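Data block below; observations after.
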Amino acid sequence: MSTVSAYAATSAVDPLTRTTITRRDVGPHDVAFDIHFAGICHSDIHTVRAEWGKVKYPLVPGHEIAGIVTEVGSEVSKFTVGDRVGVGCFVDSCRECDYCRAGEEQYCNNPGMVGTYNGVGRDGQPTQGGYSGAIVVDENYVLRVPDAISLADAAPLLCAGITTYSPLRHWNAGPGTRVAVIGLGGLGHLAVKLAVALGADVTVLSQSLKKMEDGLRLGASEYHATSDRDTFKKLRGSFDLILNTVSANLDLGAYLGLLKLDGTLVELGMPEHPMEVPAPALIFGRRRLSGSLIGGIAETQEMLDFCAEHGVTPEIEVIEPEYINEAYERVVASDVRYRFVIDTQSLR
Ligand code: NAP
Ligand code: ZN
Ligand code: ZN
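The numbering of the sequence shown is UniProt numbering, which starts it at 1 and goes up by one.
Take a look at the structure:
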């Protein structure tokens, strides 16, 4: 075992503080790497604050992790010391169920993927995430960061990037399709960039027009404020696909009305409380309400390579670990442009 510095939550209400955690010895199939950058995802905040249910503290969040390999186990074949790598939202799964075999490890049902934090590893120990100086992960759950992408930019792609790329691909966003993205935050701004890179026509639906200039610069052709009820009249029946990236409850019925016949609204945001869905909003227009959870390992690698090829990178604000608690407040207040990324140098 080795020890490493980290930032951990000790309860649902107290600020995160600096601490020391242990990492397991490097097993035959493991890759150890120094963490250089870790993104702050709104899911970190939902989890830490126990909005998704009970949590075991202390908890080190962070599932957008990028760094450089320092040691590999004797059986490791995919990575060597010095490689630029990343880890996303999970670090293991059963590897045997139909979904794992199909490369959809995030949907493993035997009993489920092992979260990068707040999970339990094969060794029976709680998993701890990326707000730390180093990590040890089985090579099958490690991604390769393409040379064209900096480690700081790679971090947010490992959750926000794949979470938006996967449904865009699944629902065939591309030339000739009209896509709307609700919420211009971490997920939302990457959804815009990725949908544009895939060739779709993209509209941003944000609470206000405050970030309109940014939205258009990212490639959206239209930008509307959802606080203006006229938006829902003007855009009725407009979209093939809507990605909802909002972390709070929305009036889903109103947004479903923006879909064309047979259109699909994909729920990506995971608010604390259930949302109501009026049946007529689905029935009139034969509309679909779907959901999507991050993406599998192969698709995550495909997304990283796609981003390298198409020059898709997140817009980030790099922070020191001491700023994590303030960053959380700003994320909750929708005051993030557009992803906080922790420089973890002082934790190594
Ligand atoms: P984020 O950076 O905070 O972005 C969320 C955006 O939603 C905000 O920037 C804001 O955009 C909008 N918003 C926030 N509160 C709102 C409210 N009360 N009413 C209307 N709009 C509101 O969060 P994120 O990191 O992108 O994550 C978004 C959600 O996705 C979270 O719930 C997270 O847990 C979830 N998530 C899911 C997956 C998955 O696999 N499905 C993966 C990662 C994250 P505007 O200011 O533009 O309105
Ligand atoms: Zn996330
Ligand atoms: Zn499985």
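Positions of the beta carbon are idealized from the N, C-alpha and C atoms, including for glycine. All values reported here derive from a predicted model rather than from experimental measurement.
Relative to the non-hydrogen atoms of ligand 2, the Cβ of S43 comes within a distance shorter than 6 Å of at least one. In the DSSP assignment, N244 forms a beta bridge with I182, E267.
In this structure, the C-beta of N118 stays at least 6 Å away from each heavy atom of ligand 3. If you look at A281, you'll find it isn't in any beta strand (DSSP E); it sits in the alpha helix (DSSP H) that goes 279-283. Ligand 3 never approaches C89 closely enough for any of its heavy atoms to be under 6 Å from the residue's Cβ. At least one heavy atom of ligand 3 falls within 6 Å of the beta-carbon of C97.
Exclusion of the five residues before and after I316 leaves A152, D153, P156, R339, V341 as the residues of its chain whose Cβ lies within less than 7 Å of its Cβ. Around the beta carbon of H224, a 10 Å sphere encloses 16 or more other beta carbons of the protein chains shown; the residue is thus reported as buried. As far as DSSP is concerned, P61 takes part in no beta bridge. Between V31 and V137, the beta carbon gap of about 6 Å places them in contact (Cβ cut-off 8 Å).
Cβ contact annotation for G199 (same chain, cutoff 6 Å, sequence separation greater than five): G174, P175, in chain order. Counting along the chain, the unbroken beta strand (DSSP E) around T19 starts and ends at 17-23. Classified as exposed, E75 has fewer than 16 neighbouring CB atoms from the shown chains inside 10 Å of its CB. By the neighbour-count definition (other C-beta atoms within 10 Å, threshold 16), E105 is a buried residue. Secondary structure of K233 (DSSP, three-state): helix. Under the DSSP assignment, A38 falls in the beta strand (DSSP E) whose first and last residues are 30-39.
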